[in-house]
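Mapping of the sequence shown onto mature numbering (1 follows the signal peptide of the UniProt record, and there is no 0): residues -31 to -1, 1 to 299, in sequence order.
Just so it is clear, CB atoms sit at the ideal spot from N, CA and C, and this is done for glycine as well.
These figures come from a predicted structure and were not determined experimentally.
Shown next, in structure tokens, is the structure this report addresses.
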Amino acid sequence: MDNITRRNVLKAASALATVAAVTGAPSLTLAAAPKQGFQAPGFYRMALGDLEITALLDGTLPLPLPEMYRDVTAQDAAELLRAAFRDIPTDTSVNAFLVNDGKRLVMIDAGTGAYLGKEVGHLASNLEASGYSAAQIDHIILTHVHTDHSGGLVRDGKVVFENATVHVPKRELDFWLKTPADARPAGLNQQLFKEAEECLRPYLQRGKVESFKDDQEVIAGFRSILRPGHTPGHSSIVVESGGKKLVFWGDITHGDIVQFKQPEVTIEFDVDRPSAVKSRKQAFAEAIAEGYLVAGAHIAFPGIGNVLQDGQKFDWMPVNYSDGEAGVIK
């Protein structure tokens, strides 16, 4: 800007200020804008070697976690959460994950659908915001059949992912679809059995459900690890590329504070609490020993990071945010 132009701009601004002062006209400051009340679309993308990983947010649920945890007093759980600056109820993420290997789109878990209210159930819209459509999904691998992982498979009783094959741990299929009512564990919410039927039956009728056995390859490039306790067939899913490894944990933890500080803490949804603790400790130990990334279904979105050890306690280290091609894990 030359000196003549600069002087003209200053003269114009001075003149406008004088007019405003004399006439009472509003100044040139911006008016307050209404609050918007919504977040950016819930997806986060990164690369693992040659794989593109997309974390998909189904939503967050404000949960009274201290009342839901078991094997710890509600007071102690609340103190751990507040020490980490978490509110109570605590917004708890429901995450799913999409893997693009260049030939297939493989989704790990499917969100809640319409089962748990309007605060969640946003996986389909966030999938579209991320650049993909439900019709493009080739495979869906469930870590287990709880409704917050399988509810998004259906809408109004009809399949959402019309071209996808759903892969389910065999132990899960047997437990949720074949256990007689009089043989189901006491105290377990019986509605979960009904919801499992509703979510899987439409795919079973189309011949689009396949089961996988313990610690077996689900499809090429995707291996399972049986981590029972939360449910009988609860399994983590492993992918590797470029010398790097990512394990989709499922529900090894609920949140990233209390069960890291005290791995023996369980939650009311666990079918077999001692087995859930054993699986969690095994998952922690392996993640630390091998130093691989993990992805948790109920860890603060995007739910991807590493496990750190501090004596007998553990900590969660979220993946460092990276934009665009910088997201490649080398």
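Inset, instruction - Provide the residue span of the alpha helix (DSSP H) that contains residue 31, from first to last. - result: Taken as a continuous stretch (DSSP letters only), residue 31 belongs to no alpha helix (DSSP H), being part of the beta strand (DSSP E) at 20 to 32.
Inset, instruction - Kindly indicate the opening and closing residues of the beta strand (DSSP E) around residue 136. - result: 134 to 138
Inset, instruction - Classify residue -27 as helix, strand or coil using the three-state DSSP reduction. - result: Any reading at residue -27 must be qualified, since the residue scores a pLDDT of 48, below 50, and its modelled position is unreliable; the value itself is stated next. Helix.
Inset, instruction - Could you check the C-alpha separation between residue 251 and residue 195 for me, to the nearest Å? - result: 11 Å
Inset, instruction - Check residue 9 in the structure and name its three-state DSSP category. - result: coil
Inset, instruction - Indicate whether the contact test is met: 3 or more Cβ pairs, each with one atom in the segment 261 to 272 and one in the segment 210 to 226, closer than 8 Å. - result: yes
Legend entry - alpha helix (DSSP H) runs wholly inside the segment 83 to 148, at least 4 long, in chain order: 92 to 98, 116 to 119, 139 to 147
Legend entry - C-alpha gap between residue 261 and residue 272, whole angstroms: 14 Å
Inset, instruction - Could you check if residue 95 is buried or exposed, using at least 16 other CB atoms within 10 Å of its CB as the buried criterion? - result: buried
Inset, instruction - Look at residue 100 and residue 92 and say whether their C-beta atoms are less than 8 Å apart. - result: no
Inset, instruction - Would you mind listing the beta strand (DSSP E) stretches within the segment 252 to 293 that are 3+ residues and don't spill past its ends, in chain order? - result: 262 to 265, 273 to 279, 282 to 287
Legend entry - Buried versus exposed call for residue 7 [16 or more other C-beta atoms within 10 Å across all chains shown]: exposed
Legend entry - Element boundaries [alpha helix (DSSP H), containing residue 63]: Per DSSP, residue 63 belongs to no alpha helix (DSSP H); it is in the beta strand (DSSP E), 59 to 69.
Inset, instruction - Could you check the C-alpha separation between residue 126 and residue 236 for me, to the nearest Å? - result: 30 Å
Legend entry - Span of the alpha helix (DSSP H) around residue 301: For the chain, the structure presents residues -31 to 299; residue 301 sits outside this window and is missing.
Legend entry - Residue from 56, 26, 239 whose Cα sits closest to the Cα of residue 121: 26
Legend entry - Minimum Cβ-Cβ distance from residue 224 to chain D less than 8 Å: Included in the structure is just one protein chain, with no chain D present.
Inset, instruction - Would you decide whether residue 216 is buried or exposed? Buried here means 16 or more other CB atoms lie within 10 Å of its CB. - result: buried
Legend entry - Simplified DSSP assignment, three categories, for residue 181: strand
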